[in-house]
Amino acid sequence: MNTDFIFLIFIGALAGAASGYLGSYMVLKRMSLVGDALSHVALPGMAIALTLSINPMLGALVALFIAILGIWYLEEKSEIYPEALVGIFFTASLAIGILITPEPELLEALFGDIEKVTRVDGILVIMAAILIFFVTRAISKKLTVGIISEDLAKSGGINVSKINLIYLLMVGLVIALGVKFLGTLLTGALVIVPAAAAKNVARSIGEFQFLAALAGLASTGLGIVLAKMLGFPSGPTVVLVAIFFFILSFLFKGKDY
Amino acid sequence: MKNNNLLSVEGLKVKFNSHPIVDDVSFDVIRDSTLAIIGPNGAGKTVLFRAILGLIPYKGKVTWAPGAKIGYVPQKLFVAKDFPLTVSEFLHFKEKEHKKIHQILNSVGFKDVGESHLHNDVRVLKTKLGALSGGELQRVLIAYALLGKPNVLLFDEPTSGVDVSAEETIYSLINKLKAEKDLTIIFISHELQVVYKYADSVLCLNKEKICFGPPREVVDKESLTRLYGEDVSLYQHHEH
Numbered sequence: 018m019n020t021d022f023i024f025l026i027f028i029g030a031l032a033g034a035a036s037g038y039l040g041s042y043m044v045l046k047r048m049s050l051v052g053d054a055l056s057h058v059a060l061p062g063m064a065i066a067l068t069l070s071i072n073p074m075l076g077a078l079v080a081l082f083i084a085i086l087g088i089w090y091l092e093e094k095s096e097i098y099p100e101a102l103v104g105i106f107f108t109a110s111l112a113i114g115i116l117i118t119p120e121p122e123l124l125e126a127l128f129g130d131i132e133k134v135t136r137v138d139g140i141l142v143i144m145a146a147i148l149i150f151f152v153t154r155a156i157s158k159k160l161t162v163g164i165i166s167e168d169l170a171k172s173g174g175i176n177v178s179k180i181n182l183i184y185l186l187m188v189g190l191v192i193a194l195g196v197k198f199l200g201t202l203l204t205g206a207l208v209i210v211p212a213a214a215a216k217n218v219a220r221s222i223g224e225f226q227f228l229a230a231l232a233g234l235a236s237t238g239l240g241i242v243l244a245k246m247l248g249f250p251s252g253p254t255v256v257l258v259a260i261f262f263f264i265l266s267f268l269f270k271g272k273d274y
Numbered sequence: 007m008k009n010n011n012l013l014s015v016e017g018l019k020v021k022f023n024s025h026p027i028v029d030d031v032s033f034d035v036i037r038d039s040t041l042a043i044i045g046p047n048g049a050g051k052t053v054l055f056r057a058i059l060g061l062i063p064y065k066g067k068v069t070w071a072p073g074a075k076i077g078y079v080p081q082k083l084f085v086a087k088d089f090p091l092t093v094s095e096f097l098h099f100k101e102k103e104h105k106k107i108h109q110i111l112n113s114v115g116f117k118d119v120g121e122s123h124l125h126n127d128v129r130v131l132k133t134k135l136g137a138l139s140g141g142e143l144q145r146v147l148i149a150y151a152l153l154g155k156p157n158v159l160l161f162d163e164p165t166s167g168v169d170v171s172a173e174e175t176i177y178s179l180i181n182k183l184k185a186e187k188d189l190t191i192i193f194i195s196h197e198l199q200v201v202y203k204y205a206d207s208v209l210c211l212n213k214e215k216i217c218f219g220p221p222r223e224v225v226d227k228e229s230l231t232r233l234y235g236e237d238v239s240l241y242q243h244h245e246h
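If you're matching them up, the sequences are chains A and B in order. Using my numbering, the letters of the first sequence correspond one by one to residues 18 to 274. Using my numbering, the letters of the second sequence correspond one by one to residues 7 to 246.
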């Protein structure tokens, strides 16, 4: 195992941990499906970046931020979440993305390719992961109270709308990080699956967040190693390892509540 | 606004989709007093609360005295049974010191388990919020509100989920807290007996203000008929 590969495992695991941690709130907000499908939006952004010869991660980030603003707006303005509308928008992005992505890059954009992760990408992942952990930690209490009851949060002087926007922007950032590793089809799974696994066994919110980050870290780290050993593509391997953890957690699910 | 008023509401109007829910309601709340708000289901009681808390748009004037610190106890929380947040974690959102949380839980009626133990503590601390009974959740919510050291408590009584005996404890508890510190209480109630027993004044609400004043003076057969319709079997005047 060379140092480059170890570096790759390290940044992959870091992105996984950040995804799991952020995903814990997505599951509590009952936005799992949105979190999962959101990654599709990255594709047209990457395609445009590729045609303009810009770093595709940047293109993904811009497209995700625009989609996040839309989701946030819908979350704020409507009483009932317009699920169908969000679904249509996401699949439309995917379809357009597939059409406009240059043929040679399409497979990589859809499924990710860790061989193509550069040092610069790695450093971006480290910086973004640190930002995600600090920002999310800082808004954690307010975010949680807002999920339990918006009235309770607002009456206590919490700007729920602002907190939600900051949180969703972090989700956009973490998905943009994952795109290189897992591709636009599967990155969203890393936001949802580890958190869903953690929820099965967690007895408190502290435990929940820790386990979600740990499951994200383990799925990505283990998945990358397994993919290399077996000669599999990394994206599906990582997601299947995460799903293995989910099944395991489901079997150990406490029945004490 | 008069000097000893904590809250002054003038001409409050709330509309949902152009339907008036609260129509031209005015009242004052004197500092350190207890106001009950009564009315049938759908009379706009909770909406009135949300308006004076600034949670929804309204027309009219709502003026809180400077320095008013509000604690709000909502009627219900829809917390899923498996929502992984314990009572301890929830209360730690408001207070760092464990000792203070312990004290407040004791004061809202949670008893220590095993008083002889060195490490005596409240059983409910490690329970998930969604796994509490209706009465327990109400008391935890009161504790949460009190940890913010409010001088005014807005309490929205649940219509269901709390059995009669637990309800009794919540009101005697609120009364006890009031005796201990400077606390103005505004509560929504469905029980006239509770209003007679604990409130200094009462606001009868059915979209518009039906009556306002000390319960024994303003709650009579006529106002109750206007409030609840012809069936006034709820009416029980306790003579001294």
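Think of the CB as a built atom: it goes at the ideal place given N, C-alpha and C, for glycine as much as any other residue. Small disclaimer: the values here were computed from a predicted structure and weren't measured.
With respect to the 8 Å criterion, B/LYS132 and B/THR92 are classified as neighbours on the basis of their beta carbons. Taken in chain order, the complete alpha helix (DSSP H) segments of 4 or more residues contained in the stretch 48-92 of chain A are 49-54 and 59-68. For secondary structure counted as the alpha helix (DSSP H) over 4 or more consecutive residues, the stretch 137-202 of chain B holds these complete runs in sequence order: 140-153 and 170-186. Per the C-alpha coordinates, the member of A/ALA59, A/GLY248, A/ALA193 and A/PHE227 positioned closest to A/GLY139 is A/ALA193. If you check the CB distance, A/LEU31 and A/ILE143 come in under 8 Å. The residues SER236, LEU239 and GLY240, in chain order, have a CB closer than 6 Å to that of A/VAL258 in the same chain once the five nearest residues on each side in sequence are set aside.
Where B/ASN11 is concerned, the enclosing beta strand (DSSP E) starts and stops at 11-22. The alpha carbon of A/SER36 has as its nearest neighbour, out of A/VAL79, A/THR153 and A/LYS171, the alpha carbon of A/THR153. Within the stretch 213-224 of chain A, those residues whose Cβ lies closer than 9 Å to any Cβ of chain B are, in chain order, ALA215, LYS216, ASN217, ALA219, ARG220, SER221, ILE222, GLY223 and GLU224. The count of Cβ pairs closer than 8 Å, one atom from the stretch 196-207 of chain A and one from the stretch 249-258 of chain A, reaches three, so the stretches are in contact. Residues are counted here when their Cβ sits less than 7 Å from a Cβ of chain B; for the stretch 152-170 of chain A these are LYS158, THR161, VAL162, ILE165, SER166, ASP168 and LEU169, given in chain order.
The beta-carbon distance between A/ALA170 and A/GLY40, rounded to whole angstroms, is 21 Å. This is too long to meet the 8 Å contact definition.
Of all residues in the stretch 173-189 of chain A, only GLY173 come within less than 8 Å of chain B when Cβ atoms are compared, listed by chain position.
Residues of chain A whose Cβ lies closer than 8 Å to the Cβ of B/GLY154 are, in chain order, GLY173. With the criterion set as a beta carbon lying under 9 Å from some beta carbon of chain A, the members of the stretch 88-100 of chain B are ASP88, PHE89, PRO90, LEU91, THR92, SER94, GLU95, PHE96, HIS98, PHE99 and LYS100, in sequence order. Assigned with DSSP and collapsed to three states, B/VAL114 falls in coil, not helix or strand. In the DSSP assignment, B/ASP30 falls within the beta strand (DSSP E) that extends over 25-36.
Cα atoms of A/SER266 and B/HIS25: separation of roughly 49 Å, rounded to the nearest angstrom. C-alpha of A/GLY76 to C-alpha of A/PRO119: approximately 14 Å in a straight line. B/LEU97 and B/LYS106 have their C-alpha atoms roughly 10 Å apart.
Shown here, A/ASN176 sits in coil according to DSSP, grouped into three states, outside any helix or strand. With the criterion set as a beta carbon lying under 7 Å from some beta carbon of chain A, the members of the stretch 53-68 of chain B are ARG56, LEU59 and LEU61, in sequence order.
Just so you know, the alpha carbons of B/ASN10 and B/LYS51 end up roughly 24 Å apart. Less than 8 Å divides the Cβ of B/GLU101 from the Cβ of B/LEU153. With a beta-carbon spacing of about 6 Å, B/ALA42 and B/PHE193 fall inside the 8 Å limit used to define contacts. Within 7 Å of the CB of B/ILE76, the CB atoms of chain A belong to SER172, in sequence order along the chain. With respect to chain B, the C-beta atom of A/LEU45 has a partner C-beta closer than 8 Å. By a beta-carbon distance limit of 8 Å, A/PHE263 does not contact A/VAL188. Their separation comes to about 19 Å. A distance below 8 Å between beta-carbons, with the five flanking residues on each side excluded, links A/LEU141 to the following residues of its chain, in chain order: MET74 and LEU194. Below the 8 Å Cβ cutoff, chain A contributes ILE165 as neighbours of B/VAL85, in chain order. In the same chain as B/ASP30, and ignoring 5 residues on each side of it, the C-beta atoms closer than 8 Å to its own belong to GLY17, LEU18, LYS19, GLY66, GLU214 and LYS215, in chain order. The beta carbon of A/ALA206 sits closer than 7 Å to the beta carbons of ASP53, VAL256 and ALA259 from its chain, once the five residues preceding and following it are set aside; these are given in chain order. For the 8 Å CB-CB criterion, B/ILE44 and B/VAL224 do not form a contact.
Within a 10 Å sphere around the beta-carbon of B/GLU142 sit 16 or more other beta-carbons, which makes this residue buried.
With contacts defined as CB atoms closer than 8 Å, A/GLY174 and A/VAL162 fail to qualify as a contacting pair.
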